[in-house]
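For what it's worth, my numbering labels the leading residue of the sequence shown as 91, then goes sequentially.
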Amino acid sequence: MAQQTILPAQSRSSIDTLINTVGLGRVALSRGALPVVLVVRCGTDDDRILLRSNDQTLARAAETGDVVAFQVDDVRTDGGGCSVVATGVLAPESPCIVCLFPTIITLTELHLGPPVKGTTVGTA
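This is the structure:
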């Protein structure tokens, strides 16, 4: 069995809050032996991360118990914020929802600085 990274209850609570508040994340997995990143709806249920996508690649990965990486971010226009990255095994939940059982999960504070020159992020 894979080793699980244990986080303090406060960190896990912060992770769940971020995932449930942002509600959109990305899953990195393999499709046809090539890497692909899918945008997904996300939420938490106990120690599971629930994912929804209209791309059947995610459902197929869950059916075969693939290991994937998941990321969700909350980034302010000044470049500050936080990011959650989880790695774990997928499993089917319902016809349109899959579960990620994280074996490694991290919460990182972000300090990205101002937008890159030429971009319009945060200028509206």
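Backbone N, C-alpha and C fix where the C-beta goes; we use that ideal spot for every residue, glycine too.
Could you check whether residue j and residue i sit closer than 8 Å to each other, using their CB atoms as the reference points?
i	j	result
residue 174	residue 159	no
residue 190	residue 178	yes
residue 155	residue 200	no
residue 112	residue 162	yes
residue 114	residue 132	yes
Comparing C-alpha positions only, which one of the options sits nearest to residue i?
i	options	result
residue 126	207, 188 and 151	151
residue 188	102, 143 and 137	143
residue 136	103, 186, 202 and 121	103
residue 181	139, 145 and 123	139
residue 202	184, 167, 208 and 209	167
residue 183	205, 193, 204 and 134	134
residue 121	110, 145 and 101	145
residue 153	124, 185 and 172	185
residue 105	192, 123 and 124	192
Since residue i and residue j are thought to touch, with beta carbons under 8 Å apart, how far apart are those beta carbons, to the nearest angstrom?
i	j	result
residue 164	residue 119	With a Cβ gap of about 23 Å, residue 164 and residue 119 do not count as contacting.
residue 141	residue 117	6 Å
Does residue i come out as helix, strand or coil in the three-state DSSP assignment?
i	result
residue 204	coil
residue 196	strand
residue 210	coil
residue 190	strand
Inset, instruction - Pick out the complete beta strand (DSSP E) segments inside the segment 101 to 188, 3 residues or longer, and give them in chain order. - result: 114 to 121, 124 to 135, 138 to 142, 157 to 165 and 170 to 184
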